[in-house]
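Working notes, beginning with the structure itself.
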Amino acid sequence: MKYQNSLLTFILAGMALVQTASADDNIADKAINQPRISGIMVYGSAQTNNEVKDKAVLGEKAKRIEAKGTGNPWDAAAQTTTTGKILTGDPIVCVAFLKAVKTANNAPAKVTLRFQESAAPYTEIKQDTIDIGTDWNQYQISVTANKDYGPGDTAFVVQLNYGAQTVDVGPMFILNMNKTKPGSR
20 MKYQNSLLTF ILAGMALVQT ASADDNIADK AINQPRISGI MVYGSAQTNN EVKDKAVLGE
80 KAKRIEAKGT GNPWDAAAQT TTTGKILTGD PIVCVAFLKA VKTANNAPAK VTLRFQESAA
140 PYTEIKQDTI DIGTDWNQYQ ISVTANKDYG PGDTAFVVQL NYGAQTVDVG PMFILNMNKT
200 KPGSR
C-alpha cells in the first residue's frame with residue numbers, strides 16, 4: 020500500500036475490522052469529512068474547550084473538552100460533518116482518536132459515538148456508548164447506509180457529558196469504504 024503520511028498508518032491500525040478496502044486503497048481517500056482538529060466543532064452548554072498540543076496523537080493537536088456532567092450527554096460534544104455523498108448500502112466507518120484526561124476517581128471516561136442525520140430531529144443512524152482510557156486510542160462505529168445522503172446531511176458526534184470529566188478529542192474520520200478515489204462521492 021502507498022501511504023502519503025503517518026496519518027494513514029495510524030488509521031490503518033484500527034481498520035483491521037473493515038474488510039471492504041483492497042490492498043491498493045489509500046484509506047485517507049475514503050474520508051468524506053475534514054478530519055483535522057480545525058474541522059471539528061465543539062458545542063453544548065455543559066462544556067469548555069481549548070486546543071492543546073500533544074505529540075502522541077495524530078496531527079499533534081487535540082481539542083480538550085471539559086464536561087460539567089450536568090444535563091444531557093449531548094450538552095458537551097464534538098462533531099464533524101460529511102463533505103461527501105453516501106449512497107444506500109455504502110459501508111461507513113467513523114473513527115475518533117480519544118483520550119481521557121481527568122475523571123472522578125480516575126475511572127474510565129464514558130462517551131457516546133454517534134453517526135446521525137445533521138438536521139433536527141438528528142435521527143440516529145448508529146451509536147455506541149463506550150468507556151475510554153487515559154492513553155490515545157482509536158474508537159470506531161460502523162454502519163451500512165440505509166438510504167442516500169448528500170454532503171452535510173450526516174455527522175459523526177462524540178457526546179461527552181457523562182459526569183464531570185475531561186477528554187481530549189483528536190482527529191475524527193468519516194470513511195465511506197465504497198469511495199474509490201478523491202473527488203468521487
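In my numbering, the protein residues as written are 20 to 204.
Beta carbons: idealized from backbone N, C-alpha and C, even for Gly.
With a cut-off of 8 Å on the beta carbons, I'd call residue i and residue j a contact; round off their distance for me.
| i | j | result |
| --- | --- | --- |
| residue 65 | residue 106 | Not confirmed; about 36 Å, so no contact. |
| residue 151 | residue 127 | 6 Å |
| residue 77 | residue 188 | That belief does not hold up - the Cβ atoms of residue 77 and residue 188 are roughly 12 Å apart, past 8 Å. |
| residue 18 | residue 194 | Nothing can be reported for residue 18, as the shown portion of the chain is limited to 20 through 204. |
| residue 131 | residue 92 | 6 Å |
| residue 69 | residue 55 | Wrong, their Cβ atoms sit about 16 Å apart, outside the cutoff. |
| residue 159 | residue 114 | 5 Å |
| residue 184 | residue 88 | 7 Å |
How should residue i be labelled, buried or exposed, when 16 other C-beta atoms within 10 angstroms of its C-beta is the threshold for buried?
| i | result |
| --- | --- |
| residue 74 | exposed |
| residue 34 | Summary for residue 34: the model assigns pLDDT 44, below 50, so the residue's position carries little reliability, and this model does not support an answer. |
| residue 154 | exposed |
| residue 123 | exposed |
| residue 60 | exposed |
| residue 169 | exposed |
| residue 52 | buried |
| residue 101 | buried |
| residue 72 | exposed |
| residue 141 | exposed |
| residue 49 | buried |
Since residue i sits in a beta bridge, which residues does DSSP pair it with?
| i | result |
| --- | --- |
| residue 172 | DSSP, once it has assigned bridges, lists no residue as partnering residue 172. |
Next on the checklist: So within the segment 110-197, which uninterrupted beta strand (DSSP E) runs reach at least 3 residues, ignoring any that extend past its ends?
Outcome noted: 110-122, 128-136, 143-151, 156-163, 173-178 and 184-195
Checklist entry - Of all the beta strand (DSSP E) runs that stay within the bounds of the segment 55-81, which reach a length of 3 or more residues? => result 60-62 and 66-72
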